[in-house]
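Some notes on the structure that comes next.
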């Protein structure tokens, strides 16, 4: 029972971490390696607004999500757009941006800035109490993660099926040229996808950070998790990402209950290797090259 | 309506479209006929601007060098350098070769994605018009695009293009791989679309027979260059055309 409930929570943690990355890759075929950095940046921005500017917690969250969404849009417009179509450069450039953000946050000494190092940076939980479900004691924040994760999945489902922009996203994801012929602008869609994807990273950050500390290192962990989920699920596939999140969520929970919590990353990358051997395009991936050859 | 002047298109040093000029008169159907690799699709990509995106991607990839020369005069301006999405916004919509349906979206979703440029009223009106000329799509509206037959996909592709509110509709080999009966039906549908919503149509095809009855003016393209032009009747009575495109 413990495994069932904590596995569910962990699964939704993976869903939240990977949602933005999957969306951006699905719509514009851009691997946004700055995803984890935006996640960390959200944590520190919210912390700063609350503790230095003395703003209300929820107001700070709102402002931060907007800022991070704009940052994502700028990231495409002024950086990624110039190298789009060169896959290696896309990775290098977005990773460079990630390094600037993550290591910049740790930078010390400029203008008396002490750098965000150490374990003193935490975000408060939304509701501070514990709930007992079927005999399992769980804190409200973890339940909230499941709720927010579910809300995002449902929201994205409706958004990509009912809204014009969402439908255009789907068109772009399936056949870029066919979408262009219908008047859908590729660059505009990529800007929007990065804005939405970055705000999803921000929402994930404010949902998950209250469970632990805000440190720059988490950025790399989140990026790894997002990459692992997307590769196993099939790059750009929503269904695949959700399924892969559940596989990882339950696998890691099971491992920590068996007393092997420190092997989490081994499981993560072991599963990637396994999936790549059995199904190179991921669980729900499209084997596009093969299709075109037939 | 659409005046194309001296279009030249090169892939590296190979010429795909050679000094091609033509005019698509407003409200008429213009046919472009030619065999495989005559340059029909390249011409269509140039008209819709997709070739510019291909060129950009090839440059980024360090691949083939694509060169586009010439002029496309539309609504009084040369649009040869305009982005494909902007051209669609201005009313030039391509219904591509091999249909390029969104395979994971249902018929309804394909049409709704096609209606990206339309406002709510236009979308509703066009949707009911599409279901009127292609009643079969209405029955299949919840099926995934990838599971449709070739003929159904082609109807959907034309319907999807209509949803984008075209003023000039470019049809690239709409009859590719279809049965003669389906060719007939689609030919008729294209004619009625042209008549009923007054859209200018440019259609390219390999086989002239099913389309000759519906076109107003036609061009024969060989090795990227226009070798003959005339009304449907003039072309039909030309002995060379008879031999090459009607097999008589």
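Chains as they are written, first to last, in our numbering: chain X, 1 to 294; chain D, 295 to 542. Note that beta-carbon positions come from the ideal geometry of N, C-alpha and C, so glycine has one too.
The C-beta of residue 239(X) comes no closer than 8 Å to any C-beta of chain D.
Counting only the Cα atoms, residue 484(D) lies some 10 Å from residue 509(D).
Nearest C-alpha to residue 116(X) among 153(X), 217(X), 230(X), 63(X): 217(X). If you ignore the 5 residues before and after residue 349(D), its C-beta comes within less than 6 Å of the C-beta of 360, all in its own chain and listed in chain order. Contact holds between the segment 198 to 214 of chain X and the segment 64 to 72 of chain X, because three or more Cβ pairs, one in each stretch, are under 8 Å apart.
For the pair residue 505(D) and residue 471(D), the CB atoms are not nearer than the 8 Å cut-off. Taking every protein chain shown into account, the CB of residue 152(X) has 16 or more other CB atoms within 10 angstroms, so this residue is buried. Residue 306(D) and residue 314(D) have their C-alpha atoms spaced approximately 18 Å apart. For the segment 400 to 427 of chain D, residues whose beta-carbon sits nearer than 7 Å to a beta-carbon of chain X comprise 403, 406, 407, 408, 410, 411. Residue 519(D) carries a strand assignment under DSSP once its states are collapsed to helix, strand and coil. In the structure shown, the three-state DSSP call for residue 56(X) is coil.
Using a Cβ distance threshold of 8 Å, residue 387(D) and residue 340(D) do not count as a contacting pair. The segment 439 to 448 of chain D makes contact with the segment 397 to 414 of chain D, as at least three CB pairs between them are under 8 Å. Scanning the segment 91 to 154 of chain X for uninterrupted beta strand (DSSP E) segments of 3 residues or longer gives 130 to 133, 136 to 139, listed from N- to C-terminal end. Per the coordinates, the alpha-carbon of residue 58(X) lies some 34 Å from the alpha-carbon of residue 173(X). Taking a C-beta distance under 8 Å as the contact criterion, residue 170(X) and residue 452(D) do not qualify as a contact pair. By the neighbour-count definition (other C-beta atoms within 10 Å, threshold 16), residue 208(X) is a buried residue. Within its own chain, the residues whose Cβ lies closer than 7 Å to the Cβ of residue 383(D), once the five positions on either side in sequence are excluded, are 411, listed in chain order. Residues of chain X whose Cβ lies closer than 7 Å to the Cβ of residue 398(D) are, in chain order, 174.
The beta carbons of residue 326(D) and residue 515(D) sit closer together than 8 Å.
Rounded to whole angstroms, the gap between the alpha carbons of residue 513(D) and residue 381(D) is 23 Å. Within the same chain, Cβ atoms closer than 7 Å to the Cβ of residue 114(X) are found at 108, the five residues on either side in sequence being excluded. Under a criterion of Cβ atoms nearer than 7 Å, no residue of chain X is adjacent to residue 449(D); the nearest Cβ is some 16 Å distant. Around residue 89(X), the same chain offers 83 as residues with beta carbons nearer than 8 Å, after the five sequence neighbours per side are excluded. For residue 310(D), there is no enclosing alpha helix (DSSP H); the residue is part of the beta strand (DSSP E) that begins and ends at 308 to 318.
Put simply, the segment 245 to 252 of chain X touches the segment 8 to 17 of chain X. At least three CB pairs are less than 8 Å apart.
Within the model, the alpha-carbon separation for residue 447(D) versus residue 227(X) is close to 35 Å. For residue 142(X), not one C-beta of chain D is nearer than 8 Å to its own C-beta. With 16 or more other CB atoms across the displayed protein chains lying within 10 angstroms of its CB, residue 24(X) is buried.
Annotated as proximal: residue 282(X) and residue 275(X), with beta-carbon spacing under 8 Å. Per DSSP, residue 346(D) is not a residue of any beta strand (DSSP E); the alpha helix (DSSP H) it occupies stretches across 344 to 355.
A Cβ of chain X is located within less than 8 Å of the beta carbon of residue 347(D). Taking the CA atoms as reference points, residue 316(D) sits about 27 Å from residue 184(X).
For residue 163(X), the number of other beta carbons within 10 angstroms of its own is below 16, and it is reported as exposed. When 9 Å is used as the limit between beta carbons, residue 458(D) is near these residues of chain X: 181, 182, 183, in chain order.
Look at residue 275(X) here: in three-state DSSP terms it is helix.
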